[in-house]
Structure formats: structure tokens, C-alpha cells
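A.B. asks:
2 protein chains.
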Amino acid sequence: MDIREIARRAKVSTATVSRAINRVPTVDPQLSRRVWKVVDELGYYPNTQARALVSGRSRIFGLIVSEITNPFFPEIVQTFENLAVENNYEILLTSTVHDPKRMESSVRRMIERRVDGVAILTFGMEESLLEHLRFRKVPLVFVDVGPDAPHIANIRIDYQNGIRQAVQHLAALRHSRIAFIAGPHHLKSAMARRSAFQHAMAEIGLPSTLIVEGDHTLEGGMRALNELIGMRRKQPTAILCSNDMTAIGVIREAYDHEIKIPSDLSIIGFDDIRLAQFTTPPLTTVQMSQVELARLAFQALMDETERPSLANRGSEYTLVTSLILRRSTALASSP
Amino acid sequence: MDIREIARRAKVSTATVSRAINRVPTVDPQLSRRVWKVVDELGYYPNTQARALVSGRSRIFGLIVSEITNPFFPEIVQTFENLAVENNYEILLTSTVHDPKRMESSVRRMIERRVDGVAILTFGMEESLLEHLRFRKVPLVFVDVGPDAPHIANIRIDYQNGIRQAVQHLAALRHSRIAFIAGPHHLKSAMARRSAFQHAMAEIGLPSTLIVEGDHTLEGGMRALNELIGMRRKQPTAILCSNDMTAIGVIREAYDHEIKIPSDLSIIGFDDIRLAQFTTPPLTTVQMSQVELARLAFQALMDETERPSLANRGSEYTLVTSLILRRSTALASSP
DNA sequence: TCGAGTTAGGTAAACGTTTGCAGCCCCGGG
DNA sequence: CCCGGGGCTGCAAACGTTTACCTAACTCGA
């Protein structure tokens, strides 16, 4: 069932049907009603691919995340989808699971479907791949790590703010041996958190010597706690974790060691994923709002897409982080 | 950059380019090489919408889930996507968040994009909406609740098996006061679990009187445990939960009441989401493999789509459930 | 050498829209 | 009464592919 079928039955031209459907204001209300009546009767739905073909805009945004099964992402995907629906966009989701092959196929698929823009919420995307997208002038949004170029928007995250609050909060609770469980080296975002920690510690005159490597997973958190416990002399009284999953792993492992949280050990996470509200005890953490992140990314894409003339020197957005107090921190036990 | 551009440069017709790209075997290897050379040089990517328009197949599958933020779903989405990539399909994901408006827009979008099939992993989709899809003969896959009709495949879940195992396991541990925290009434899948429980209890001659209402959320589990604790005389020594999130809520609430799990109270969940491995203690639960579920759904869609002739009396698939023993169950404490 | 049969590659129509352009009608002013 | 102009509507081209059909060339046996 075509637009032509509709035209025939409503006794108008296809042009008029098209205009009526797209609510072009110049079309006579009476004609418009006639068209819509037929449309409803027949249950006609425009064919998006034909539309995209001629208009040159697919109304699809690509969204590349590193792992949809990582609890950090579903909230983002949901928000992104909400916005897409509101604005009549579709979203093409790919979860690369850190696999270079998948990243490549992901980019290829986005190009083949002629997406109007791509938000990249994963890291370790090779430069050569991005070149394909940039070559086609596809608007891009990066988080944290993007190059500074036309048609590329960047969302910068102010790690400093939240992490400083976290460190100061611990210091106010008289903690001085504060450890940091870092994320993997290859993640720029993890490195940024780490240096924000070092910076904040330095600010209040504390040494940041207690840093161990984690990998942003629950298991990594468990391992890291064991490593920290092994340090006989200078065991920490508080731990700041590079993300919430790590913190959840620490809490879980602490339970097995009969270390009471927060009385024996204070824990602070990072991200504020939903699950952080449901640990025992509920996790004090640095919030990096996933909803806000998704909003910014979507907005950036819209800005770039809907008015391509202006702002061709990729714009910048900033997401601030801040401490959320729950119940996983307490006064340091006397040494 | 077109297929025509490629044709011009490779000095062949567009038909040949098309055939070469699609690896039609009759095309001369030498010509094919010439075409591919140009394709690679120019970084040409076929336009999927033009292709879809003429071929009548979009190579897009719709996937409707109820809430991507529910930890049950990401694993499914990931598996579905993996399969899609392998088979050169795209997936159009929508998360309805139980909102009828969203369900409607979801179906509309699927039709407008001319998806080749839809897997429906949500419940409470109105019949009238589905009618739109069925009217267009879009292949459909349902889980649990689908109508029996042409072009509609159903995945049945054998709740009995796993739940019987769970109940028998508890009985073997000398539990007799076994409670069940049910899911919401409006979910057929929740009702099926509930009656499977009743059935299994009856089989071993136990009354299933201890049933309280949950809502498949963590908070619901917390509330339900309190309700159960309130029952002075006949407090359960074991609880079977309608899903894992409920069980996690129970564990969390038990901790606050200083009820030791499993020594004071045994808990069994349902679904075996990944998180179930990381509770304290790790959760014994009935596995309903999300990977397998996604596989079946995808396979059903492929079967229905790729060979439309046969199997026009919608096929049936069955997913079995089975008990996974971890550490949240123990011998009943002497009464 | 010739003709039938096979095969590779080209021509052009078709897919379902949007949109630039042209034409028609109607209104109002000179 | 005539003419200019503005507002709607329709005509037809274009978007980038696939594919049915046709043609030309080649193979091979008689």
C-alpha cells in the first residue's frame, strides 16, 4: 500500500498526500482531512526507507556502547531511546564488547544505514575507523576523549569536582589512609579518575601511595580488596573506587572477611549506578548522571544535525560529578 | 558516491557492480576484482535503504523488551545483537517501560521501518496493536503468551521443571514451611511460575499457603520479606522467589534484620541473572538461560523470514529451566 | 563450418517517497 | 475590464539500488 493508493482514493496527487502527511501548512484543511481519513482507514504507514532515500536524512542515530551488559549503560540506552522517540528518531545500537572486529562492523553498519549522527560511548575506538565516519562528515559525539574537529562534539566530564568532594568527605571523617582502586590503564576515563584522586589528595596534603589496579569489574574489586588487606602495616581505613562495580565487589569481599562496612572500612564508589542504592550498606558514591550524559549526547547530535551551518567547530559540553552521601562511610576507627 | 560512480570507474554496468558486490557467482573473477578495487579505493558503502526499497527486505528485526534497565534484559539484547551481526541483520530495539503509549509508538516505528520480523519479550501488549503487525504479515515471535496463528512463533517456557527441582531441593533439606514470593498478577509469566510452585508443592504433599505478592523488583522483595517476618506463628524457613531481583531484595533485607542466610533462612531465586553469582551468599536459583532465550527468538525469526513457504502454522520452541545450586540454601534449622 | 545451447554482462524498469517547478484559480487594484 | 500577484495543487524527476529480460559471444558436436 502506497502513497499512490492513498492519492487515488482521496482523489488528490501524491504530492498533496505527502504534504498532508507531513503537515505542510499550505495544504487546504479540507483536503488534508480527506487524506487523513483514507490514511486511517487503510492503516497506511509511510515507508521510511523511501523517504530517507530522497530526503537524504535517515532519522537514525547510532549509539555505540562498550557493553550493554555493564549496568552503567542500560540507563543511558533507555534515556537515549526516550529522546529518540520524542524527536522521531530511531536508534541503531551496537555493543562492541571491546572487540575490534565488532567495532569495525559497527561502524560499517552505521555507514551503510546512513545514520545522521553517532554517539560514541566506548573507548579504544581506532582512529582509522573513525576516519571513515569523519570522511563522510557524519556528526559525532564523544565522551571524554574526542578529537577537536569540525562536526565532532565532545562531552567533557568534570571528574575533579566529585572526587575532591569524596576525598574531603573522607578526610573530614578523619581518614588519612585512603586507598584508590583504579580502573584499567587503557581507559582514558579511568586514568582521569585516578589523577583526579591524586590531585585531590595532594590538595589536602595526603600522600596517594595506596593505589592498586582494578579492572572496573566486580571480580576486580574483590581481588583488589584482598591485595589491600595483604598490606600488613599500612592497611587503608577508607577506599575510593574507580567505579561502582568495583565498590560492590569490595563490599562483597569485605563481608566474607567479616570486615564491617562502614565501621571498619569506609567505601566510596563512582558512577552512581542504580544498584548502588541497593548494596548493604547503600553505597556512598560520586554521581555521574547517566541520564544527563545521555541527554547531552543526544542534544549534541541534534544540534549538529538539525542546523549544520552554524557550530562547525565541534561544540563542547560538560558534565559535572558530585558526591552522593549514603551509608558506606563513617568516622575512621581510632588507629 | 553511487554504484554508478563505481560502474563508471570500473568500466562496467551498474548491474555488474551490484552482482560483484553481492558476490553473485556468475560474475567473472577478473571483473569482480576490478570492481572491488574501485570499491575499496573509494571507500564505497552500499546504501541500505535503496537496497531495501527494491528488494523488499530491510534486514532489520525489531526487538521489544519491557525495560532495558531490568538486569534480565541486557544479556538478551547482547546475544540478539551478536546474532544479528553474524547474519547481517540490524536490530531495532525498543524498551516500552510498561507504557501503552510507548508500545504503540514502538509498533508504529517497526512498521514504518519495514522490519522483517519482531521478537516480543514484553507482556501486556494490546491485541489491537499486534493486529497491525499481523495484518502486514510481519513474522512475530512471542515468549510464553503468544496466540496460535500463522507467522507467529512461540517460545514456551517449561517452568515446571526448574521449580520442581527447587522445591524438591528444599524438601530434601528438610524444609517444610516454604514460602513463595510471587510476581505481579498481570504478568502471565509470573502467574505461570506461581502455579508451577503450587503444583510442585502439592506433588510432595506440602501445602502452598505461604504465598505473598511481590512485584519482581528489589524493593518488592524487601517488602515481601517484612510481610513474611510479620507472620508470627508460621514463619517460613525457606523462600522461593518469582525472580532474582526479588531474591536479592530479600537477601538485602534479611541482612538488616540479622537473619543469616542460609543458616536461618534459605533463599532460591528465578532467572539466574548474572548478578545472582555476586550476592552474599551467591544465590541458588532456577536458570532460565537468557542467552538461550535470545537464540531461540532469533532463530525463530530467521526461520520464519528466510523461508516463508514452509512452516506457516507458526512453530513452537521450548526453553527448559533447571536449578543451579549455589550457597543460599542449607538444612532447615531445627524447628 | 554451422547451429544449438549455454552463459556473462548490459539495459532499463521498478521500489515509494519528496520536492522544484509550473500552472491554475481567484482576488483586488488601476 | 484587464492585469498582476499570491496561494494551492499537480506533474515529473530524482534518490540508489536490484533484477527480469535481452543480447552477444562462446563452446562444442555433427
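Chains A and W are the protein sequences, given in the same order.
Taking the numbering used here, the leading residue of the first sequence gets 1, the next gets one more, and so forth.
Taking the numbering used here, the leading residue of the second sequence gets 1001, the next gets one more, and so forth.
Even glycine gets a Cβ: it sits at the ideal position worked out from N, Cα and C.
(1) Within 10 Å of its beta-carbon, does A/Ala149 have 16 or more other beta-carbons around it, so buried, or fewer, so exposed?
(2) Determine the chain A residues that contact W/His1132 at a beta-carbon separation under 7 angstroms, and present them in chain order.
(3) Using a Cβ cut-off of 8 angstroms (strictly closer), state whether W/Ser1095 contacts chain A.
(4) Pick helix, strand or coil for A/Gly117, following the three-state DSSP scheme.
(5) A/Gln287 touches chain W at which residues, Cβ-Cβ below 8 angstroms?
(6) Going by DSSP, which residues form a beta bridge with A/Leu319?
(7) Report yes or no: is there a C-beta of chain W within less than 8 angstroms of the C-beta of A/Pro150?
(8) Among the candidates A/Pro25, A/Val35 and A/Asn22, whose CA atom is the shortest distance from the CA of A/Ala7?
(9) Check whether chain A comes within 8 angstroms of W/Gln1078, counting only Cβ atoms and requiring the distance to be less than that.
(10) Out of A/Gln290, A/Ala172, A/Ser55 and A/Ile178, state which residue places its alpha-carbon closest to the alpha-carbon of A/Arg114.
(11) So which residues on chain A does W/Asn1047 lean against when the C-beta distance must stay under 7 angstroms?
(12) Buried or exposed: which applies to W/Gln1030, given that a residue is buried once 16 or more other Cβ atoms fall within 10 Å of its Cβ?
(13) Taking all protein chains shown into account, do 16 or more other C-beta atoms lie within 10 angstroms of the C-beta of A/Asn47, making it buried, or fewer, making it exposed?
(14) For W/Leu1093, report the span of its beta strand (DSSP E) as first-last.
(15) Tell me whether A/Gly249 is buried or exposed, calling it buried when 16 or more other Cβ atoms sit within 10 Å of its Cβ.
(16) W/Ala1172: buried (16+ other C-beta within 10 angstroms of its C-beta) or exposed?
(17) Ignore the nearest five residues each way along the sequence and tell me which others in W/Ser1263's own chain have a CB closer than 8 angstroms to its CB.
(18) Are any of the Cβ atoms in chain A nearer than 8 angstroms to that of W/Phe1061?
(19) So which residues of chain A does W/Ile1157 contact, with C-beta pairs closer than 8 angstroms?
(20) Counting only C-beta atoms, is W/Ala1213 closer than 8 angstroms to chain A at any point?
(21) If W/Leu1296 and W/Ser1328 are in contact, beta carbons under 8 angstroms, what's the gap, nearest whole angstrom?
(22) Since A/Ile64 is in the beta strand (DSSP E), which residue starts that stretch and which ends it?
(23) Could you tell me how far apart the beta carbons of A/Ala182 and A/Leu210 are, in whole angstroms, since I believe they sit closer than 8 angstroms?
(24) For chain A, check one thing: does any of its Cβ atoms lie closer than 8 angstroms to the Cβ of W/Glu1081?
(25) Compute the distance between the beta-carbons of A/Ser189 and A/Phe123, then report whether it is under 8 angstroms.
(26) Would you say A/Ile111 lies against chain W (beta-carbon separation less than 8 angstroms)?
(27) Measuring alpha carbon to alpha carbon, tell me which of W/Glu1112, W/Leu1170, W/Asn1088 and W/Glu1075 ends up nearest A/Tyr89.
(28) Going by DSSP in three states, W/Asp1271 sits in which element: helix, strand or coil?
(29) Near A/Arg207, what residues of its chain come up, given a Cβ to Cβ distance below 8 angstroms and the 5 sequence neighbours on each side ignored?
(30) Could you work out which residue in A/Asp116, A/Gly230, A/Leu42 and A/His185 is closest to A/His216 when comparing CA atoms only?
(31) Using a beta-carbon distance below 8 angstroms, is W/Pro1074 in contact with chain A?
(32) Please state whether DSSP places A/Thr285 in a helix, a strand or coil.
(33) Quick one: what does DSSP say W/Ala1010 is sitting in, helix, strand or coil?
(34) For a quick check, are the C-beta atoms of A/Gly117 and A/Pro100 less than 8 angstroms apart?
(35) With a threshold of 8 angstroms, are at least 3 pairs of Cβ atoms found where one atom belongs to the segment 1126–1141 of chain W and the other to the segment 65–84 of chain A?
(36) By alpha-carbon positions, which one of W/Ala1166, W/Leu1083, W/Ile1261 and W/Val1085 ends up nearest to W/Glu975?
C.D. replies: Taking the coordinates as given:
(1) exposed
(2) Gly43
(3) Cβ-Cβ to chain A under 8 angstroms: yes for W/Ser1095.
(4) strand
(5) Correct list: empty, because the minimum Cβ distance to chain W is about 17 angstroms.
(6) Bridge partners of A/Leu319: A/Ile157.
(7) no
(8) A/Val35
(9) By this cut-off, W/Gln1078 is an interface position.
(10) A/Ser55
(11) Arg114
(12) exposed
(13) buried
(14) Glu1090 to Ser1095
(15) buried
(16) exposed
(17) Ala1330 and Ser1333
(18) So, not an interface residue.
(19) Result: empty, since nearest Cβ-Cβ is about 21 angstroms, beyond 8 angstroms.
(20) Note that residue 1213 of chain W is Glu in the sequence shown, not Ala. Answer no: the Cβ-Cβ gap between W/Glu1213 and chain A never drops below 8 angstroms.
(21) Incorrect: roughly 28 angstroms between the Cβ atoms, too far for contact.
(22) Ile60 to Val65
(23) About 11 angstroms separates the two Cβ atoms, so there is no contact after all.
(24) yes
(25) yes
(26) True, the Cβ-Cβ gap to chain W drops below 8 angstroms.
(27) W/Glu1112
(28) strand
(29) The sequence given here has Pro at residue 207 of chain A, not Arg. Result list for A/Pro207: Met201, in chain order.
(30) A/His185
(31) yes
(32) Assigned with DSSP and collapsed to three states, A/Thr285 falls in strand.
(33) In this structure, W/Ala1010 counts as helix in the three-state DSSP scheme.
(34) no
(35) no
(36) The displayed coordinates of chain W run from 1001 to 1335. Any statement about residue 975 of chain W would go beyond what the structure contains.
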